[in-house]
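In my numbering, the protein residues as written are 581 to 832.
(1) Between which two residues does the beta strand (DSSP E) carrying residue 698 extend?
(2) On the CB-based measure, 16 or more other CB atoms within 10 Å of its CB, does residue 728 come out buried or exposed?
(3) Return the bridge partner residues of residue 763 from the DSSP annotation.
(4) Using C-beta distances below 7 Å, list every residue in its chain close to residue 814, excluding the 5 sequence neighbours before and after it, in chain order.
(5) Measure the alpha-carbon distance for residue 800 versus residue 683 and round it to whole angstroms.
(6) Look at the alpha carbon of residue 756 and the alpha carbon of residue 711, and state the distance between them as a whole number of angstroms.
(7) What is the DSSP secondary structure of residue 584, reduced to helix, strand or coil?
(8) Would you report the Cα separation of residue 776 and residue 600, rounded to the nearest angstrom?
(9) Enumerate, from N- to C-terminal direction, the unbroken beta strand (DSSP E) stretches of 3 or more residues contained entirely within the segment 593-636.
(10) The ligand GTP heavy atoms versus the CB of residue 690: any closer than 6 Å?
(11) Hey, residue 763 and residue 802: beta-carbon distance below 7 Å or not?
(12) Using the DSSP secondary-structure output, state which residues sit across from residue 730 in a beta bridge.
(13) Around the Cβ of residue 672, are there at least 16 other Cβ atoms within 10 angstroms (buried) or fewer (exposed)?
(14) When the distance is taken between beta carbons, is residue 794 closer than 7 Å to residue 823?
(15) I'd like the span of the beta strand (DSSP E) that includes residue 806, first residue to last.
(16) Could you say which of 746, 751 and 627 lies nearest to residue 699 if we only look at CA atoms?
(17) What residues are listed by DSSP as bridge partners for residue 663?
(18) Mark residue 789 as exposed unless 16 or more other C-beta atoms lie within 10 angstroms of its C-beta, in which case mark it buried.
(19) Could you tell me the distance, in whole angstroms, from the CA atom of residue 737 to the CA atom of residue 681?
(20) I want to see whether chain B comes within less than 7 Å of residue 736, judged by CB atoms only; does it?
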């Protein structure tokens, strides 16, 4: 039975990704940061899958937490087939680079870029032994071109760097049956992060060219596709799931 590790998998987009793999028959480990109540809620909601799930506390800005998380996967399930790094800090306040504190800068870079260095180093040896692995990182619309994103300088720099890292590791590990890809969600509002496509198909959204809101299921389905066994020809790719919305320029 294949195993999937989803960071920050108890809420929002991470939860929807975890559900996709549970429904496909995977065992799943999900990490959480501080919200114990979210874990307890999922133990009830996912009661039918409870024997297939492991919850691990981890701060993605801390190297040892990430290493311990992967070790917990190996210890309980003996393998790691899918790694989806959904976690990553974000500064919601719109402010220029000169207004960032040193701590905020380091949180953005460590949580969104350096964290993947530690996760790669912890997960890839397991996947090499298996000669199989699927890794998915998260970016933003246009990250592949390293665009200017005003008021999001630290986050944009980290994710643009992650594009290059994702592509480099995809080539380095291809011989071991490991693929590495990035998904770039568009605008998924709080109301729809844990919603299904069916929930959104009756809603008219004039701000989205395709005509409906984006949902967590849209992102989860894309991730699941990239992680299929027969998706091995797709690696080093950056897949945007935006519905045509211009995320970077919509507020300028």
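Ideal Cβ placement from N, Cα and C applies to all residues, glycine included.
Looking at the atomic coordinates:
(1) For this step, residue 698 is matched to residue 118 along the chain shown. Looking at the DSSP string, residue 698 is not in any beta strand (DSSP E); the run it does join, the alpha helix (DSSP H), is 695-710.
(2) Residue numbering aside, residue 728 sits at position 148 when the chain shown is read from its first letter. Exposed is the call here.
(3) Taking the first residue of the chain shown as position 1, residue 763 is located at position 183. The partner list for residue 763 (beta bridge, DSSP) reads 718 and 819.
(4) As a working note, residue 814 is residue 234 in the chain shown. Here the set comprises 759, 761 and 806.
(5) To locate residue 800, count along the chain shown from 1; it is residue 220. To locate residue 683, count along the chain shown from 1; it is residue 103. Cα to Cα, the separation comes out at about 31 Å.
(6) If you number the chain shown from 1, residue 756 lands on position 176. If you number the chain shown from 1, residue 711 lands on position 131. Distance between the alpha carbons of residue 756 and residue 711 is about 5 Å.
(7) Position 4 of the chain shown, counted from the start, is the residue given in the question as residue 584. Strand, per DSSP.
(8) Reading the chain shown from its first residue, position 196 is the one you call residue 776. Reading the chain shown from its first residue, position 20 is the one you call residue 600. Going by the C-alpha atoms only, they are around 11 Å apart.
(9) 607-612
(10) The ligand GTP is absent from the structure shown, which contains no ligand whatsoever.
(11) As a first step, residue 763 must be located in the chain shown, where it is residue number 183. As a first step, residue 802 must be located in the chain shown, where it is residue number 222. Yes; because the gap between Cβ atoms is below 7 Å, this pair is in contact.
(12) Your numbering for residue 730 matches position 150 in the chain shown. For residue 730, which the question treats as bridged, DSSP gives no partner whatsoever.
(13) Numbered from its first residue, the chain shown carries residue 672 at position 92. With fewer than 16 Cβ atoms within 10 Å of its Cβ, residue 672 is classed as exposed.
(14) Translated into positions along the chain shown, residue 823 becomes position 243. Translated into positions along the chain shown, residue 794 becomes position 214. A contact, by the Cβ cut-off of 7 Å.
(15) As a first step, residue 806 is located in the chain shown; it is residue number 226 there, counting from the start. Per DSSP, residue 806 belongs to no beta strand (DSSP E); it is in the alpha helix (DSSP H), 796-806.
(16) Here residue 699 corresponds to residue number 119 of the chain shown, with the count starting at 1. Comparing Cα-Cα distances from residue 699 to each of 746, 751 and 627, the minimum goes to 746.
(17) Stepping through the chain shown from its first residue, residue 663 is reached at position 83. Paired residues: 585 and 715.
(18) Residue 789 sits at position 209 when you count from the first residue of the chain shown. The residue in question, residue 789, is exposed, as its Cβ has fewer than 16 Cβ neighbours within 10 Å.
(19) By one-based count along the chain shown, residue 737 stands at place 157. By one-based count along the chain shown, residue 681 stands at place 101. Rounded to the nearest angstrom, the two C-alpha atoms are 15 Å apart.
(20) This model lacks chain B altogether, as it is built from one protein chain only.
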